[in-house]
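Trainee: Mind having a look at this structure? Questions to follow.
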Amino acid sequence: ATSITAAPEDSEVRVGDEVILRCAASYDPMLDITFIWAIDFRVIDFNAEWQHYERVMNEDGVGDLRIKNAQIWHEGRYTCTAQTVVDKDTAYADLKVVGVPGPPGVLRIEEIGDTWVRLLWSKAAEHNSPILYYTIQTRHFWALNEDDWRNASTSPTILDGTMEKADVTDLYPWMVYQFRIIATNEYGTGEASIPSLKIKTWDAPPVVSPTDVAGYGGRNGEIIITWNPVQPWYFYGKKFGYIVAFKPHDAYDWWYETISDPETRRYVHRDSYFIPTEEDFQVREFQVKIKSFNVKGDGPYSLTKVIYYPRDVPTEPPTDVYARPVSSTEAVVWWLPVVDTGTGLQQYIEGYQVKYWRKYDDPEPGANRIFVPGTVNQTRLENMLPDSHYLIEVRAFNGAGLGPPGEHCEMFTKRPPPSEPPRMWRYVSWTGQWLYVWWDHIQYDWLGNVSFPLYYKVMFRKTGYIYGKVYITGWHFMDFPMPQFGDYELMVRGRYEGGDGPVRMISIKGKASLTTPTINFLFLLLLALCITGL
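Numbering-wise (full-length UniProt numbering), the sequence shown opens with residue 1 and increments by one.
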């Protein structure tokens, strides 16, 4: 009689792994035997590849079942039937598939506040492993892309696997949000639920004030006040704007101005009362502060900033202006700052204007200009032309205008580096242990238009990488240990007084990549020598 001798056993498999269910039978050798597998009493179709089922019949009387890339839907009761034309025998086994949880059910919004939202959801499928906790994620209107989901703050902080309700906290008022929830068990984190419907939190008074409040006094009683506007997600309500408050330092009452445009960065107020008098000596101090508002109320004021209204432009020029070329297109300039006005007090200076132009080729009105703060007495000049004669002028300035210029400083930029990189050759030692590289030694042309060479920079790096090891040498050759594996790049460029020259690059394959071609070459060479000898 047909009888199953090795029945399948109850098994457990993780999603994505492979499992084999054993099944072997004894039978009359005069008959043919067939093994029929079924899951939950449905016969398995082995021709359907998407089901990941495969027969294993490596010897007579054996009909194992292999499940490749197990999935949750592979779970169930498997039946092995050993059948001949005369009789049959059947055995059963249960397969349990464990894995990460499924997505939680539909996410619903029960209640909305200004900084919180109450959510409800249905429990996710456990997949034979209890859910440890849930994670709620949010995405607001100003998210950079559709996948910009962030973990939300919740109450309670830990959402254990038994919960189906929670409050999301620390939200922006008057902001459009979407939510989703993810379940986690000991096998990992499952898929996220379908995002909720978009909702908008209630509005509230703003709590963020503008930053970097600054300003200066201009001419004819002008006070210029500047700030960085508040980001849109801090508006917290409709009709957002700013209230600018300012007053002279010795005054009691404040002036208030309302700005209705939330993107405004600057406000100018003109009043002849603000012009400094003889009693103010050189400057008149003002206090400035700004707060934001919307339909729900006003926010807090920013820190009070002191700005100055000068009586006049600076009267002293910077002295000892000196410049030094760094390359063919850059230079560094510095000067002695304006300090003493002859009264023993420091003159009010907001900053310095550095102007530079080619002496014989550029008109002065079209010169390049750089503005630096009053606390700085040096700067870098860029985008200059090689081998050119430049004039440099430095002036102090404040809100009233530019002061007198100092003496012009003259400077010559360096000659440019050559436009062509050096030619380069390489040689691998016959042992394959060393790589020898040499390149053209650049001869300086004293009468040419190329700057003087200083040294060479050699970089050795792996292909696809940005950084590598850099060597500095005055010779025009180097040797390196031959790399064992991978592809590499070797780059050589000259360093000149006028800056870095163009780069020459060659590609190098590791010694392992050269092994097979080298053996083939030696074999062909030996074969040719043998034929020649014959």
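Idealized CB from N, CA, C, for every residue including glycine.
Under 8 Å, do P314 and F397 count as touching if we go by C-beta distance?
Mentor: For this step, residue 314 is matched to residue 314 along the sequence shown. For this step, residue 397 is matched to residue 397 along the sequence shown. Against a cut-off of 8 Å, the Cβ pair of F397 and P314 comes out as a contact.
Trainee: Would the beta-carbon of R358 fall within 8 Å of that of P421?
Mentor: As a working mapping, residue 358 is identified with position 358 in the sequence shown. As a working mapping, residue 421 is identified with position 421 in the sequence shown. No. Outside cutoff.
Trainee: Which class does T2 belong to by DSSP, given the choice of helix, strand or coil?
Mentor: The sequence position of residue 2 within the sequence shown is 2, counting from 1. Coil.
Trainee: Go ahead and label N228 buried or exposed: buried means 16 or more other beta carbons lie within 10 angstroms of its beta carbon, across all protein chains shown.
Mentor: If you number the sequence shown from 1, residue 228 lands on position 228. By the neighbour-count rule (16 or more Cβ atoms within 10 Å), N228 is not buried but exposed.
Trainee: Is the CB-CB distance between Y27 and G61 below 8 Å?
Mentor: As a first step, residue 27 is located in the sequence shown; it is residue number 27 there, counting from the start. As a first step, residue 61 is located in the sequence shown; it is residue number 61 there, counting from the start. Yes; because the gap between Cβ atoms is below 8 Å, this pair is in contact.
Trainee: Among the candidates L402, V354 and E285, whose CA atom is the shortest distance from the CA of F371?
Mentor: Counting from one through the sequence shown, the residue named residue 371 turns up at place 371. For F371, the nearest C-alpha among the options comes from V354.
Trainee: Does Q178 come out as helix, strand or coil in the three-state DSSP assignment?
Mentor: In the sequence shown, residue 178 corresponds to position 178, counting from 1. In this structure, Q178 counts as strand in the three-state DSSP scheme.
Trainee: Under 8 Å Cβ to Cβ from V295, same chain only, skipping five residues before and after it: list those, please.
Mentor: Position 295 of the sequence shown, counting from 1, holds the residue named residue 295. Answer for V295: D203, G237, K238 and K239, listed in chain order.
Trainee: Rounded to a whole number of angstroms, what is the C-alpha to C-alpha distance between residue 535 and P502?
Mentor: Outside the displayed span of the chain (1 to 534) sits residue 535, for which this structure offers no information.
Trainee: One question on the structure: do D64 and L21 come within less than 8 Å of each other, judged by their Cβ atoms?
Mentor: Counting from one through the sequence shown, the residue named residue 64 turns up at place 64. Counting from one through the sequence shown, the residue named residue 21 turns up at place 21. Yes, these two residues count as a Cβ contact at 8 Å.
Trainee: Please confirm whether I33 and A25 have their CB atoms less than 8 Å apart.
Mentor: On the sequence shown, position 33 is the one that residue 33 refers to. On the sequence shown, position 25 is the one that residue 25 refers to. Yes; because the gap between Cβ atoms is below 8 Å, this pair is in contact.
Trainee: When you compare the CB positions of V376 and K289, do they come within less than 8 Å of one another, or not?
Mentor: As a working mapping, residue 376 is identified with position 376 in the sequence shown. As a working mapping, residue 289 is identified with position 289 in the sequence shown. Contact annotation: V376 and K289 have beta-carbon atoms that are not nearer than 8 Å.
Trainee: What's the gap between the Cα of R14 and the Cα of T81?
Mentor: On the sequence shown, position 14 is the one that residue 14 refers to. On the sequence shown, position 81 is the one that residue 81 refers to. Going from the Cα of R14 to the Cα of T81 covers about 26 Å.
Trainee: Would you mind working out which of P232, L454, D271 and E75 sits nearest T264, comparing C-alpha positions?
Mentor: Residue numbering aside, residue 264 sits at position 264 when the sequence shown is read from its first letter. Out of P232, L454, D271 and E75, P232 has the C-alpha closest to the C-alpha of T264.
Trainee: Check the Cβ-Cβ distances between P421 and every residue of chain D, and say whether any is below 8 Å.
Mentor: Considering every chain present, this structure includes no chain D. It has just one protein chain.
Trainee: Taking A367 and Y356 to be in contact with their CB atoms under 8 Å, please state how far apart those CB atoms are, rounded to whole angstroms.
Mentor: By 1-based counting over the sequence shown, the position of residue 367 is 367. By 1-based counting over the sequence shown, the position of residue 356 is 356. Their Cβ separation, rounded to whole angstroms, is 6 Å, which keeps A367 and Y356 in contact under 8 Å.
Trainee: Can you give the Cα-Cα distance for V56 and T157, rounded to whole angstroms?
Mentor: Counting from 1 along the sequence shown, the entry for residue 56 is found at position 56. Counting from 1 along the sequence shown, the entry for residue 157 is found at position 157. Spanning the two alpha carbons is a distance of roughly 51 Å.
Trainee: Give the secondary structure of G499 by DSSP, where H, G and I count as helix, E and B as strand, and everything else as coil.
Mentor: Here residue 499 refers to the residue found at position 499 of the sequence shown. Strand, per DSSP.
Trainee: Please check the pair A166 and T154, which I expect to be a contact at CB under 8 Å, by giving their CB distance rounded to whole angstroms.
Mentor: Taking the sequence shown and counting its residues from 1, one reaches residue 166 at position 166. Taking the sequence shown and counting its residues from 1, one reaches residue 154 at position 154. Yes, they are in contact, since the Cβ atoms of A166 and T154 sit about 5 Å apart, within 8 Å.
Trainee: Which one of P325, L490, K509 and G403 has the shortest CA to CA distance from E497?
Mentor: Within the sequence shown, residue 497 is the residue found at index 497, counting from 1. Looking at the Cα atoms, P325 is the closest of the given residues.
Trainee: Roughly how many angstroms separate the alpha carbons of R108 and L197, rounded to a whole number?
Mentor: Here the question's residue 108 lines up with position 108 in the sequence shown. Here the question's residue 197 lines up with position 197 in the sequence shown. In this structure, the straight-line span from the alpha carbon of R108 to that of L197 is close to 8 Å.
Trainee: Pick helix, strand or coil for I67, following the three-state DSSP scheme.
Mentor: For the purposes of this step, residue 67 is taken as residue 67 along the sequence shown, with counting starting at 1. Here I67 sits in strand by DSSP.
Trainee: Determine the direct distance from the alpha carbon of R423 to that of H476, and round the result to whole angstroms.
Mentor: Counting from one through the sequence shown, the residue named residue 476 turns up at place 476. Counting from one through the sequence shown, the residue named residue 423 turns up at place 423. C-alpha separation (whole angstroms): 11 Å.
Trainee: Name the DSSP bridge partner or partners of M505?
Mentor: Here residue 505 corresponds to residue number 505 of the sequence shown, with the count starting at 1. Answer by DSSP bridge pairing, in chain order: M491.
Trainee: Can you tell me where the beta strand (DSSP E) with G351 in it begins and where it stops?
Mentor: As a working mapping, residue 351 is identified with position 351 in the sequence shown. G351 -> beta strand (DSSP E) spans G351 to R358.
Trainee: When DSSP labels each residue in this structure, what does residue 537 get in the three-state scheme?
Mentor: Residue 537 is absent from the model: the chain starts at 1 and stops at 534.
Trainee: Flag this pair as touching only if the segment 327-341 and the segment 238-256 have three or more C-beta atom pairs under 8 Å; answer yes or no.
Mentor: No, the segment 327-341 does not touch the segment 238-256.
Trainee: From which residue to which residue does the beta strand (DSSP E) around F371 run?
Mentor: Taking the first residue of the sequence shown as position 1, residue 371 is located at position 371. Looking at the DSSP string, the run of the beta strand (DSSP E) that includes F371 is N368 to P373.
Trainee: Which stretch, first to last residue, makes up the beta strand (DSSP E) that contains F240?
Mentor: Here residue 240 is taken as the residue at index 240 of the sequence shown, counted from 1. Per DSSP, F240 belongs to no beta strand (DSSP E) and is neither H nor E.
Trainee: Would you mind giving the Cβ-Cβ distance between I182 and G190, rounded to the nearest angstrom? I have them listed as a contact below 8 Å.
Mentor: The residue you call residue 182 lines up with position 182 of the sequence shown. The residue you call residue 190 lines up with position 190 of the sequence shown. Their Cβ separation, rounded to whole angstroms, is 6 Å, which keeps I182 and G190 in contact under 8 Å.
Trainee: What residues in its chain sit with their C-beta under 7 Å from that of Q346, if we drop five residues either side in the sequence?
Mentor: Translated into the one-based positions of the sequence shown, residue 346 becomes position 346. In this prediction, Q346 scores a pLDDT of 46, lower than 50, which makes its location untrustworthy; no coordinate-derived value is stated.
Trainee: E164 and S129: beta carbons closer than 8 Å?
Mentor: In the sequence shown, counting from the first residue as 1, residue 164 sits at position 164. In the sequence shown, counting from the first residue as 1, residue 129 sits at position 129. No, Cβ-Cβ distance for E164 and S129 is not below 8 Å.
Trainee: Which residues does DSSP list as the beta-bridge partners of E285?
Mentor: Reading the sequence shown from its first residue, position 285 is the one you call residue 285. Bridge partners of E285: Y308.
Trainee: Are D160 and Y133 close, meaning C-beta to C-beta below 8 Å?
Mentor: Taking the sequence shown and counting its residues from 1, one reaches residue 160 at position 160. Taking the sequence shown and counting its residues from 1, one reaches residue 133 at position 133. Closer than 8 Å, so yes.
Trainee: Flag this pair as yes or no: are the beta carbons of V492 and V458 separated by less than 8 Å?
Mentor: For the purposes of this step, residue 492 is taken as the residue at position 492 of the sequence shown. For the purposes of this step, residue 458 is taken as the residue at position 458 of the sequence shown. Yes, the Cβ-Cβ distance between V492 and V458 is below 8 Å.
Trainee: Please return the same chain residues whose Cβ sits closer than 7 Å to the Cβ of P29, not counting the five positions on each side in sequence.
Mentor: Stepping through the sequence shown from its first residue, residue 29 is reached at position 29. Closer than 7 Å at Cβ, skipping near neighbours: no residue.
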